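Q: My questions will all concern the structure given below.
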Amino acid sequence: MVNTFVPYVSHVPRDNSDGNLVFKAGKLPPGANLTAAAAYNGTTPPPYFTGLHGVNVEMDSKLVKMMWLTIFLTVGTIFALRLAELFVAYIRTIHCMTATAVQQTYYTLDHFPLWSWLKKNLVYAPLLHKRHNRELQISSVVNYGTIPGRIHFLLLFVYALSQLIYCLMLDWKTSEKGKLYAELRGRSGILATVNMIPLVVLAGRNNPAIPLLRVSFDTYNLFHRWIGRIVAVESLIHFFAWMAAYIMARGDKATLAIFVNNRFLQYGLMALISIVILVFHSLSPIRHAFYETFLHLHQFLGIAAFLGVYVHLCSKMLPAFPFILTVVIFWMIERLWRLGRLAYVNYSRFGGRTALVVEALPGMACRVTFQLPRHVTIRPGSHVYAYIPAISLWMSHPFSVAWTNVEAGPPVTAELTNMGSRDLEGQTSTKLVKSKTATRVSLIVCARSGMTKQLYEKARQAENNKLFLRGFLEGPYAGHDSMVSYGTVIMFAGGGGITHHLVQIRHLLLGARAQTVATRKIVLVWSIRDVDAMEWVKPWVNEILAMEGRREVLSVRVYASKPSVPINTSRAKPTMQIIKGRVQPSTILDEVIPQRIGATMVSVCGPGALADEVRAAVRARLPDANIALNEESFTW
Ligand SMILES: Cc1cc2nc3c(=O)[nH]c(=O)nc-3n(C[C@H](O)[C@H](O)[C@H](O)COP(=O)(O)OP(=O)(O)OC[C@H]3O[C@@H](n4cnc5c(N)ncnc54)[C@H](O)[C@@H]3O)c2cc1C
Numbered sequence: 095m096v097n098t099f100v101p102y103v104s105h106v107p108r109d110n111s112d113g114n115l116v117f118k119a120g121k122l123p124p125g126a127n128l129t130a131a132a133a134y135n136g137t138t139p140p141p142y143f144t145g146l147h148g149v150n151v152e153m154d155s156k157l158v159k160m161m162w163l164t165i166f167l168t169v170g171t172i173f174a175l176r177l178a179e180l181f182v183a184y185i186r187t188i189h190c191m192t193a194t195a196v197q198q199t200y201y202t203l204d205h206f207p208l209w210s211w212l213k214k215n216l217v218y219a220p221l222l223h224k225r226h227n228r229e230l231q232i233s234s235v236v237n238y239g240t241i242p243g244r245i246h247f248l249l250l251f252v253y254a255l256s257q258l259i260y261c262l263m264l265d266w267k268t269s270e271k272g273k274l275y276a277e278l279r280g281r282s283g284i285l286a287t288v289n290m291i292p293l294v295v296l297a298g299r300n301n302p303a304i305p306l307l308r309v310s311f312d313t314y315n316l317f318h319r320w321i322g323r324i325v326a327v328e329s330l331i332h333f334f335a336w337m338a339a340y341i342m343a344r345g346d347k348a349t350l351a352i353f354v355n356n357r358f359l360q361y362g363l364m365a366l367i368s369i370v371i372l373v374f375h376s377l378s379p380i381r382h383a384f385y386e387t388f389l390h391l392h393q394f395l396g397i398a399a400f401l402g403v404y405v406h407l408c409s410k411m412l413p414a415f416p417f418i419l420t421v422v423i424f425w426m427i428e429r430l431w432r433l434g435r436l437a438y439v440n441y442s443r444f445g446g447r448t449a450l451v452v453e454a455l456p457g458m459a460c461r462v463t464f465q466l467p468r469h470v471t472i473r474p475g476s477h478v479y480a481y482i483p484a485i486s487l488w489m490s491h492p493f494s495v496a497w498t499n500v501e502a503g504p505p506v507t508a509e510l511t512n513m514g515s516r517d518l519e520g521q522t523s524t525k526l527v528k529s530k531t532a533t534r535v536s537l538i539v540c541a542r543s544g545m546t547k548q549l550y551e552k553a554r555q556a557e558n559n560k561l562f563l564r565g566f567l568e569g570p571y572a573g574h575d576s577m578v579s580y581g582t583v584i585m586f587a588g589g590g591g592i593t594h595h596l597v598q599i600r601h602l603l604l605g606a607r608a609q610t611v612a613t614r615k616i617v618l619v620w621s622i623r624d625v626d627a628m629e630w631v632k633p634w635v636n637e638i639l640a641m642e643g644r645r646e647v648l649s650v651r652v653y654a655s656k657p658s659v660p661i662n663t664s665r666a667k668p669t670m671q672i673i674k675g676r677v678q679p680s681t682i683l684d685e686v687i688p689q690r691i692g693a694t695m696v697s698v699c700g701p702g703a704l705a706d707e708v709r710a711a712v713r714a715r716l717p718d719a720n721i722a723l724n725e726e727s728f729t730w
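Residue numbers (our numbering): 95 to 730.
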């Protein structure tokens, strides 16, 4: 949205030294400027630290247009590439869903060398050698976050550079320094405000660009953090440019008293302070050490910043006002949408409410099963936000959907076997259905130090290690990465990361049986510390292992790095093995890739170090094979 409304000084303001110009909104005649307007009225122009005096409104407006154009062009290009990718995947699925392994041979190689090169050197590449999602830590407590990937870095660098260029496109030839400061103040101020729009949109769980561009919330969160830093720098430039012009104009008379009884300046200062604190308290070591406190403070400071900018701009109807109004509207829409969705998912008009059962499991984890009062479609690879007020009041925590009783979309047509687990009433659970039955969602929650630990402790102390509570689910989110067009799918999971893959496997196995997907070979590699973690997903894995046609398609390898009991290797089967030791992703790929069927998808969900190993192994095999990489990372 670009502003064309230009307010001007309708009468000469009182020079009360407080920068508090009084504007009446109106249209500035084309080509006119404030100095000329004042000269026409036969009066002295206002000083450069006040209102729009010296601000190049016309140029600001052009640059804002330019900024939007580049954003839309970038988004449009990514969208076009995604559409092309989807189209290719669609054609491949149609062609391969009834094809034999041999008939899929064409797809084992990438026939677009440029695309392969881009994947290897840009899209999947870490910034430097190998490190991307492995956190930079100096101890297990202090976490410095992760290093952006090469494509993320490139986009962020170009974006930051463009902002710098916009800020520096000033009238450097002017002989009046104050005018230069005013121009810089106006430019940095409007850019900071406009940047708040992507800042807010990218932070939203319901950001429409997530499904549209099929880019994860995690990636947008990275952009959110860096755009936030750009907003802070521009806000500081805005403030210091104003201060420089004020000190220049007033000399020794410049005083902090200018803020007294001056709503315009007070709210501007409030916004600036909030924005600066927002940046510092969001630094990775602080954010990760006190995540819930961080979230509360972040929202409070965010509201203070919006309010400050809103009143600052609204009180004089400045050109940047429509942008902050847009920010506030977007923010409110997202919040209202979340509330509405929360109510829809967790309450039914017949009086039903979400209930949940928490089971403490060996290996410091809980199985949490939410019984929703209505049918909700959950796509494979989705995650939800869990609210458990008895443990963490109004806070919500994200978890992958480990299992659900309903299957999303085709190809499920028939009932499946028993789920082997028990529902909230303790009866043997229902069968997998695609009808509009009430949805049950199961999560595996590994105990960390906050809410997850409290939940685990409470469940452990409960009778039979089972706790019955009330709660809410928000979502589902994501689930847009489809694997159905790949003949071979290799899944790496680390610890609790197994949850991301189970529903995907069920979906692909059902599809393989019904011949609605291209997938003919799935290799699941799960890396855990001790075999007791297998208890977490036992009922669901058993169900998967019992599925018809599973043996021809799925093989499972579990790597236990520090098993507390000896592993009985004599019971190993070719399609189900438990191995002592650490997984080597490159060895697995060396084994599977030569025998692949069609195009290959490698998916990873687990600790950053595992994801980085998998990424390196995939890149090393490009462009010799047609491989795509899908990474579910939880770096926020
Ligand atoms: C998309 C997604 C899917 C996930 N799926 C699973 C899963 O299936 N199983 C599982 O065990 N874990 C999963 N996690 C991680 C899980 O969300 C965190 O372990 C959990 O929120 C930690 O809560 P805590 O209070 O015990 O955290 P703490 O021990 O206090 O903090 C540990 C870390 O957890 C994260 N965290 C804490 N609170 C929140 C919050 N309210 N919102 C977001 N992150 C938070 C922060 O990164 C923090 O540094 C997932 C995370 C994401 C983002």
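Cβ coordinates follow ideal geometry from the N, Cα and C atoms, glycine included. Values in this document were obtained by computation on a predicted structure and should not be read as measured data.
Can you give, in chain order, each stretch of the alpha helix (DSSP H) that sits fully within the stretch 525–611 and has at least 4 residues?
A: DSSP runs (the alpha helix (DSSP H)) wholly in the stretch 525–611: 545–555 and 593–608.
Q: Taking its Cβ as the centre, do 16 or more other Cβ atoms sit within 10 Å of M426, making it buried, or is it exposed?
A: As a first step, residue 426 must be located in the sequence shown, where it is residue number 332. The residue is exposed, with fewer than 16 neighbouring Cβ atoms inside 10 Å.
Q: Under the DSSP definition of a beta bridge, which residues are partnered with A454?
A: Here residue 454 refers to the residue found at position 360 of the sequence shown. For A454, which the question treats as bridged, DSSP gives the partners C460.
Q: Considering only heavy atoms of ligand 1, list every residue whose Cβ is less than 5 Å from one of them, following chain order.
A: The set, ordered by position in the chain, is H382, Y385, H477, H491, P492, F493, S494, V539, C540, R542, S543, G544, M545, T546, G590, T593 and F728.
Q: Taking the runs of the beta strand (DSSP E) that are 3 residues or longer, which of them lie wholly in the stretch 645–681?
A: If we require 3 residues or more, the beta strand (DSSP E) runs fully inside the stretch 645–681 come out as 648–654 and 670–674.
Q: How about A343 and F143: do their beta carbons lie closer than 8 Å?
A: Looking up residue 343 in the sequence shown gives position 249. Looking up residue 143 in the sequence shown gives position 49. Yes, Cβ-Cβ distance for A343 and F143 is below 8 Å.
Q: Between D706 and the rest of its own chain, which residues show a CB-CB distance below 8 Å, the 5 nearest in sequence each way excluded?
A: Along the sequence shown, read from residue 1 onward, the residue named residue 706 stands at position 612. Cβ within range, chain order: P220, K224, R225, H226, N227 and R228.
Q: Go ahead and pull the three-state DSSP assignment for M489.
A: For the purposes of this step, residue 489 is taken as residue 395 along the sequence shown, with counting starting at 1. M489: coil per DSSP, three-state reduction.
Q: Mind checking whether L450 and T463 have CB atoms under 8 Å apart?
A: For this step, residue 450 is matched to residue 356 along the sequence shown. For this step, residue 463 is matched to residue 369 along the sequence shown. Yes, they are a contact pair.
Q: Excluding five sequence neighbours on each side, which residues of the same chain lie with their C-beta closer than 8 Å to the C-beta of M489?
A: Locating residue 489 in the sequence shown gives position 395, where the first residue counts as 1. Excluding residues within five positions, the ones whose Cβ falls inside 8 Å are E386, L389, Y481 and M545.
Q: Alpha carbon to alpha carbon, how far is L391 from G239? Give it in angstroms, no decimals.
A: Indexing the sequence shown from 1 puts residue 239 at position 145. Indexing the sequence shown from 1 puts residue 391 at position 297. Each residue's Cα considered, the two are about 19 Å apart.
Q: Please look up how many angstroms separate the CB atoms of H595 and A587, rounded, as I've assumed it's under 8 Å.
A: Here residue 595 refers to the residue found at position 501 of the sequence shown. Here residue 587 refers to the residue found at position 493 of the sequence shown. The Cβ separation is near 5 Å, so the contact holds.
Q: In this structure, how does DSSP classify M337 when only helix, strand and coil are distinguished?
A: Locating residue 337 in the sequence shown gives position 243, counting from the first residue. Note: M337 maps to helix in three-state DSSP.
Q: Please return the same chain residues whose Cβ sits closer than 7 Å to the Cβ of C460, not counting the five positions on each side in sequence.
A: As a first step, residue 460 is located in the sequence shown; it is residue number 366 there, counting from the start. The residues are V452, E453, A454, V539, L549, Y550 and A553.
Q: Looking at E725 and V698, is the spacing between their C-beta atoms short of 8 Å?
A: Stepping through the sequence shown from its first residue, residue 698 is reached at position 604. Stepping through the sequence shown from its first residue, residue 725 is reached at position 631. Yes, Cβ-Cβ distance for V698 and E725 is below 8 Å.
Q: Taking 8 Å as the threshold (C-beta atoms), are E328 and N150 in contact?
A: In the sequence shown, counting from the first residue as 1, residue 150 sits at position 56. In the sequence shown, counting from the first residue as 1, residue 328 sits at position 234. Cβ distance not < 8 Å, so N150 and E328 don't count as in contact.
Q: Does DSSP put H223 in a helix, in a strand, or in coil?
A: Position 129 of the sequence shown, counted from the first residue, corresponds to residue 223. Three-state DSSP puts H223 in coil, outside helix and strand.
Q: Run through the DSSP bridge pairs and tell me what T694 is partnered with.
A: Position 600 of the sequence shown, counted from the start, is the residue given in the question as residue 694. T582 and I721, per the DSSP bridge assignment.
Q: Using alpha carbons as the reference points, say which of G402, I371, F334 and G322 lies closest to N356.
A: Numbered from 1 along the sequence shown, position 262 holds the residue referred to as residue 356. Nearest C-alpha to N356: G402.
Q: Under 8 Å, do L603 and R644 count as touching if we go by C-beta distance?
A: Taking the sequence shown and counting its residues from 1, the one referred to as residue 603 is at position 509. Taking the sequence shown and counting its residues from 1, the one referred to as residue 644 is at position 550. Contact flag set, yes.
Q: Looking at the secondary structure, which residues open and close the beta strand (DSSP E) in which H477 lies?
A: Looking up residue 477 in the sequence shown gives position 383. Where H477 is concerned, the enclosing beta strand (DSSP E) stretches over S476 to Y481.
Q: For the candidate residues G345, L359 and Q257, whose alpha-carbon lies nearest to that of I324?
A: Here residue 324 corresponds to residue number 230 of the sequence shown, with the count starting at 1. Checked all of G345, L359 and Q257; the closest Cα to I324 is Q257.
Q: Along the chain, where does the beta strand (DSSP E) containing K632 start, and where does it finish?
A: Numbered from 1 along the sequence shown, position 538 holds the residue referred to as residue 632. No beta strand (DSSP E) holds K632; the alpha helix (DSSP H) holding it covers K632 to L639.
Q: Of all the alpha helix (DSSP H) runs that stay within the bounds of the stretch 355–421, which reach a length of 4 or more residues?
A: You should have 357–375, 378–383 and 385–408.
Q: What separation, rounded to the nearest whole angstrom, lies between the Cα atoms of M458 and L350?
A: For the purposes of this step, residue 458 is taken as the residue at position 364 of the sequence shown. For the purposes of this step, residue 350 is taken as the residue at position 256 of the sequence shown. Approximately 56 Å, taken between the alpha carbons.
Q: From the DSSP output, which residues share a beta bridge with K615?
A: Translated into positions along the sequence shown, residue 615 becomes position 521. For K615, which the question treats as bridged, DSSP gives the partners T582.
Q: For T498, list the residues DSSP reports as bridge partners.
A: Translated into positions along the sequence shown, residue 498 becomes position 404. Its beta-bridge partners are V535.
Q: Could you say which of R676, V236, S210 and S155 lies nearest to G283 if we only look at CA atoms?
A: As a position in the sequence shown, residue 283 is number 189, starting the count at 1. It is S155 whose Cα lies nearest to the Cα of G283.
Q: Quick one: grab the DSSP three-state call for P505.
A: As a position in the sequence shown, residue 505 is number 411, starting the count at 1. Unreliable placement is indicated for P505, whose pLDDT of 46 sits below 50; the coordinate value is still reported in the next sentence. P505: coil per DSSP, three-state reduction.
Q: Is Y441 helix, strand or coil by DSSP?
A: Taking the first residue of the sequence shown as 1, we reach residue 441 at position 347. It is a strand residue.
Q: Measuring CB to CB, does A502 end up less than 8 Å from R473?
A: Numbered from 1 along the sequence shown, position 408 holds the residue referred to as residue 502. Numbered from 1 along the sequence shown, position 379 holds the residue referred to as residue 473. A contact, by the Cβ cut-off of 8 Å.
Q: Counting Cβ pairs closer than 8 Å, one from the stretch 621–629 and one from the stretch 653–662, do we hit at least three?
A: Short answer: they touch.
Q: Is N227 near ligand 3, going by C-beta to nearest heavy atom under 7 Å?
A: This structure lacks ligand 3; the ligands present are ligand 1.
Q: K615 and T593: beta carbons closer than 8 Å?
A: Taking the sequence shown and counting its residues from 1, the one referred to as residue 615 is at position 521. Taking the sequence shown and counting its residues from 1, the one referred to as residue 593 is at position 499. Cβ atoms of K615 and T593: not closer than 8 Å.
Q: Measuring only the C-alpha atoms, how far is L230 from P379?
A: Locating residue 230 in the sequence shown gives position 136, where the first residue counts as 1. Locating residue 379 in the sequence shown gives position 285, where the first residue counts as 1. The straight-line gap from Cα to Cα measures roughly 10 Å.
Q: How many whole angstroms separate the CB atoms of E568 and R432, which I take to be in contact at a CB cut-off of 8 Å?
A: Numbered from its first residue, the sequence shown carries residue 568 at position 474. Numbered from its first residue, the sequence shown carries residue 432 at position 338. With a Cβ gap of about 7 Å, E568 and R432 count as contacting.
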